[in-house]
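Heads up: the structure comes next, in structure tokens.
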Amino acid sequence: MGNARLHLAIAWLAIGSFARALAAPGPYAAVSGVVLNDATGTPLRRAVVTLSTLDTPPLEAVTFTESNGVFGFTAIPPGKYRLRASMDGFQRASFGASTPARPPGTLNLAAGDGRYGITFRLRPLGSVSGVVLDPDGDPLSNVQVRLLRAGFERHKPTYESVGWASTDQSGRYCVTDVLPGQYVIMALPPQEPAALIQPEAVMDQPVPVKMYALDLYPGTSRLSAAAPLLMAPGKQVEGIDFHLTARAVAPLRGKVVVPDNAQPNSSVQIEAFAQDVPDRQYQNMGTQAIAPEFNFEFPFLIAGPYLIVATFSVQGREYRATDRVDLPPSGQEISLHLDRGIDLSGRVDIEGEGDRPAGPFRVTLISGDSLPVRSQPAAEVKPDGTFTIPDVFPGIWDINVQPVPHEGYIKAMLLGDQDVLNDDMTITANTREPLHIVLSTRGARVAGTVMVPQDAPKSARARVLLAPAGKYEHVLSYYAIALADDTGHFEFKSVTPGQYKLYAFEELDPASYGDPGFMKALQKLAEAFDVPEGGRVTRQVPLIQAGQVAVENGR
Amino acid sequence: MTRASLALWLPFAAMAQLQKLVPPPPAPAALPTGHGVIEGTVVDAATHDPLRKCKVTLGGSRQTEPTVVTDASGRFLFRELPAGTYWLNGAKSGYNQAQSSLSADPNVQITLGTDETKKGVEVALVPGGSISGRILNEDGVAVRNCSVTAVQPGYEQGNRTLVIKAGGMGTSDKGEYRISDLPPGRYYLFARCGGELPAPHPLLPRGDPRTPHEGYAPQFYGGGLDPSTATKLAVGAGANLEGIDFEVRRTHAFTLRGTVAGTDPEGPSDAMVMLQPANPLMRNLMQLPSSIDPRSRAFQIHGVMPGPYRLIALSGGGGAHEAYAQRTIEIGAAPPEPVDLVLSTGVELKGSVQFDTDEHPSPQNAQIFLMPVRPDHFQPQPHAEVNKDGTFTLTGAMPGHWRLTLNTSGYVKSLSLGGQQVSPYDFQIAAGATGPLQVTVGGKTADISIAVTGLSAGGQASVLVFPEDLDRLGSGLERMGIGGSQVGVAGLPPGRYRVLATDAPNPWILQQRPDLLKALERSTQPLDVPEGGRVSVTVELVSREELLRLLADEEL
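From first to last, the protein sequence lines are chains A and B.
According to our numbering, the first sequence is numbered sequentially starting from 41.
According to our numbering, the second sequence is numbered sequentially starting from 8.
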């Protein structure tokens, strides 16, 4: 630590001389400081420091730190700026935010201003490494090791891959640039038959094919038994090893029943999605069913739950079949029946006076159940306001309509008389009802100020969360986050009328409002208030300081 | 596959199937059975240590060849085998990587009698070598995400270039790289560090193309971008070269901007641009593609470092409206000016096909192909279908040197363009050229009977026939036959040729390598083919060992 103090002292001296050089007042401002390694306190050489304005797009100036970690910007026009530092292998940092969960600060530079001594402490990023061995104890190459972070998708717990690496010839892997956090580590072997020691073969007696099974550290295929790894900042974790198992294949065979007008040389694309893979990015195998028989086979699956999806086009129309299969070790035969998507008709109306967008309007459907589609079903709205979206397959769909009127909001979406704005829209093969979308120009504004306790350090900067309260608190599209400025002022526009709560955080991970446990813990911290259509609501919001909220495990 | 390379590769792809000397397929009737046994071990050819976890395939008797994986003693055993001829092929990661080259080890052949037991068979696999080291920049700091590749001079479509043989994984965060599975040989190493890095600059709008950037200059081991001054590393079987470190230096990295205008008034929609080094040897090693914004027709190529380049624009993807443009560009120390390219669809040449004999096939549906003499993967290669009356129209012929071939029985006997006689193997199309292209097809081809001497009893040889003028390789004049001591080759156009007989594996490689054929000249037999008729020639077998000895100084 003594060494670090010395470095810092030298850095300060350097900044001091820098400051003296800029002492003469003029029409410009100057900024300088130092970038340090947060773990060791030593200066970082050639860190990238960026000064940017708040415009869109921003103007940016870039400089590097010297060997003593010092950087400086001169001849800066007066104005408001952000400042950030970054370097390979380190977590980037912004001026005014001691953690990335805090909003970045703003530098207000007037003519002749000199801001010196800005210190950045960059946290080194960690790494996870180990070796992957096959059942014989030999290293296995081309295995993809993924770090999975827990999160939520449509209020359901899920995992997402945030880093990965492949094993090399010696079976070793190393995932670098790992942020602190908690991770489940998964080894995904290549989709090819396992080569295991078997020195004898008898002619005409083929050896049963085995495939490697995916593995979760420390050696299980079930999420409930996986041991998540807690990564401290900058830690280089080694020895996260995997000993893969191989299982006999369970053949999945079948036939696809195609429509009568199928072309002679056509083929159906079929994919098998393993359902027990925790990563949202499915691992899938694909095959084809070719005319005229349209038989197919997946010879390399192992027993377990799968979602089988077949897609096909005939004369410009799209067809799809899905089937959930719990494949037993002895294999299975299935039959897939292709269904045509329905044509979803509807209309778009605009209510309210004020500016209407020029159009044309476009309605797009996005899959809400992550089933694969060749393209997003969409349609342009005709001048009379009607539209027809062709080829919509059964399933859950989220509706996107563009453009929304300036400061307006989506007032209603009805499938027949069913509210599909606040609830999921489920399309079946029998859906006939039209989709009615109503846009309104009368969006509300919610503005206010963040109230900072007297003893709180620094300024009132905060991330403000606008959350629906009452019966629509499950509708994710009503949540919004805004950044309060230096005076604590914030504003939300285009707000859908309803009941809301406001929370202001010193630190907020933007993904956290998807976690039901997080929202539940906040319940008592704010009162609900009404936002009428087109209203202008002003509120004072107390600042929730870091560490104030204890979150129950929402999973 | 890149444009037009498919047409030339097809014959060679077919040849590739001959890499195992294939005996006639078994009769489709009831499968023979037996109680024969083949047992042995797989060893490392250099150290003679047994190889564990090696996959051994037994070929010869069945469509689905039985395979085993050896244990720690390298042992393998195949039982219940009917009598017949078999061959064993061993595969293990890090070994035997020269499988599809002239220096591949021939598979171990075994002739098994009825219920015979053969023990002690040894399969030796040549270990691959490895090269490893670190990449540091001029400050001594490790550079991550650099790709290091092992390259060798080779040929692509008859032109000398550098071919990537192995490597390509990015360096770790400690700057470390490792290239494994290298067949023994001599290699250049090429390090290319990714993309553009930030460089200091005053306030500029984010995304402005004038924003300066830095990058690490790509280089060979031994320094520089010139392969003739780069260091060649010799990798022996199983050798591990360590400490092969690079020092990379920072240099300017610019954004090359420009527009591409099409001849189609609606503008090219699938157009793309590609920036390649001007040196054709380097083209496989450094390519920077970019898409073109369909509305503004603008493109931006990032991370361009100083040096000489060629910028190519193309659109049409092989369809009727193929268009192409190219420009040489020198990038210096200052940000480059924008480049505006105009796509051209080339000239249209009308022509006709006539035959020199009365008896000839109908010209209808025959296809005329134009192939560039100095191949460019991206240049459209015109082709046309011939009408019943022998006329055709070739569109999209770019200025340059071309070769004309016809896929009909017979050969291109003579060619004239705009009234001038030209060589069908190399003629020039100028920018404003007009036709007509007059093609005369010669119908009289000869049949050659080749006697191979020096072959062991029951042995097989591959016989290669190729034009004596090696510039004509790739025009359809090459032939390859396989057989015992007598091999026949049919339909050869008149001219001067050379004949080579060898039992080396993968001999088809030689027909793509004018440099290797030149080195083997003295072991080939000259052959003068008249117009039509039958010719006999005798040629001495060049064994695999002899072939490799003669080619010892070449890169294989």
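Every residue gets a Cβ at the ideal spot worked out from N, C-alpha and C, and that includes glycine.
Beta-carbon gap between residue i and residue j smaller than 8 Å
{"i": "Val170(B)", "j": "Tyr194(B)", "result": "no"}
{"i": "Thr159(A)", "j": "Leu76(A)", "result": "yes"}
{"i": "Pro368(A)", "j": "Ala343(A)", "result": "yes"}
{"i": "Thr481(A)", "j": "Pro445(A)", "result": "yes"}
{"i": "Met405(B)", "j": "Gln386(B)", "result": "yes"}
{"i": "Leu109(B)", "j": "Asp51(B)", "result": "no"}
{"i": "Ala544(A)", "j": "Leu516(A)", "result": "no"}
{"i": "Val242(B)", "j": "Gly136(B)", "result": "yes"}
{"i": "Lys99(B)", "j": "Leu58(B)", "result": "yes"}
{"i": "Pro382(B)", "j": "Asn166(B)", "result": "yes"}
Minimum Cβ-Cβ distance from residue i to chain B less than 8 Å
{"i": "Ala241(A)", "result": "yes"}
{"i": "Gln231(A)", "result": "no"}
{"i": "Glu391(A)", "result": "no"}
{"i": "Glu106(A)", "result": "no"}
{"i": "Val75(A)", "result": "no"}
{"i": "Val88(A)", "result": "yes"}
{"i": "Gly129(A)", "result": "yes"}
{"i": "Leu99(A)", "result": "yes"}
{"i": "Phe431(A)", "result": "The sequence as given places Asp at residue 431(A); Phe does not occur at that position. No, no contact with chain B."}
{"i": "Val577(A)", "result": "no"}
{"i": "Asp78(A)", "result": "no"}
{"i": "Leu62(A)", "result": "With a pLDDT of only 48 at Leu62(A), under the threshold of 50, the placement of this residue in the model should not be trusted; the figure read from the coordinates follows. It does not: the Cβ of Leu62(A) has no partner Cβ on chain B nearer than 8 Å."}
Nearest-angstrom Cβ-Cβ length linking residue i and residue j, presumed shorter than 8 Å
{"i": "Val172(A)", "j": "Phe352(A)", "result": "No, Val172(A) and Phe352(A) are not in contact; Cβ-Cβ is about 38 Å, not under 8 Å."}
{"i": "Ala227(A)", "j": "Val185(A)", "result": "5 Å"}
{"i": "Ala361(A)", "j": "Leu378(A)", "result": "5 Å"}
{"i": "Pro434(A)", "j": "Ile467(A)", "result": "6 Å"}
{"i": "Glu447(A)", "j": "Ser534(A)", "result": "5 Å"}
{"i": "Ser169(A)", "j": "Phe111(A)", "result": "Incorrect: roughly 33 Å between the Cβ atoms, too far for contact."}
Contact with chain A by residue i, beta-carbon distance below 8 Å
{"i": "Thr4(B)", "result": "Because chain B spans 8 through 563 in this model, residue 4(B) falls outside it and cannot be assessed."}
{"i": "Pro134(B)", "result": "no"}
{"i": "Ser430(B)", "result": "no"}
{"i": "Glu528(B)", "result": "no"}
{"i": "Asp560(B)", "result": "no"}
{"i": "His208(B)", "result": "yes"}
{"i": "Arg213(B)", "result": "yes"}
{"i": "Leu189(B)", "result": "no"}
{"i": "Gly101(B)", "result": "yes"}
{"i": "Glu87(B)", "result": "yes"}
{"i": "Arg551(B)", "result": "no"}
{"i": "Arg264(B)", "result": "no"}
{"i": "Leu555(B)", "result": "no"}
Listed by chain order, chain A residues near residue i by CB distance under 9 Å
{"i": "Arg82(B)", "result": "Pro239 and Glu240"}
{"i": "Arg151(B)", "result": "Asp128, Gly129 and Thr216"}
Contacts that residue i makes with chain B (C-beta to C-beta distance below 8 Å)
{"i": "Val102(A)", "result": "Pro205, Ala206, Pro207 and His208"}
{"i": "Ala235(A)", "result": "Lys60, Lys62 and Val76"}
Proximal chain B residues relative to residue i, where beta-carbon distance stays under 7 Å
{"i": "Ser134(A)", "result": "Going along chain B, no residue has its Cβ under 7 Å from Ser134(A), so there is no contact; the nearest lies around 16 Å."}
Partners in chain A for residue i, counting only beta-carbon separations shorter than 8 Å
{"i": "Thr4(B)", "result": "Residue 4(B) lies beyond the range of chain B shown here (8 to 563); nothing can be said about it."}
{"i": "Ser179(B)", "result": "Cys214 and Thr216"}
{"i": "Arg199(B)", "result": "Result: empty, since nearest Cβ-Cβ is about 18 Å, beyond 8 Å."}
Closer than 9 Å at the beta carbon, the chain B residues around residue i
{"i": "Leu609(A)", "result": "Because chain A here runs from 41 to 595, residue 609(A) falls outside it and cannot be looked at."}
{"i": "Gln209(A)", "result": "Ser100, Gly101, Ser137, Arg185, Ser187 and Asp188"}
{"i": "Ser181(A)", "result": "Ser100"}
{"i": "Asp178(A)", "result": "Arg59 and Lys60"}
Between the region 338 to 349 of chain B and the region 369 to 387 of chain B, can you find at least three pairs of beta-carbon atoms closer than 8 Å? no
Is it a yes or a no for the region 215 to 224 of chain B touching the region 175 to 195 of chain B, going by three-plus beta-carbon pairs under 8 Å? no
May I ask you to verify whether the region 240 to 259 of chain B touches the region 123 to 140 of chain A, counting CB pairs closer than 8 Å and requiring at least 3? no
Tell me whether the region 281 to 298 of chain B and the region 308 to 318 of chain B touch, counting them as touching only if at least three CB pairs, one residue from each stretch, are closer than 8 Å. yes
Is there contact here, the region 253 to 264 of chain B with the region 203 to 220 of chain B, by at least three beta-carbon pairs under 8 Å? yes
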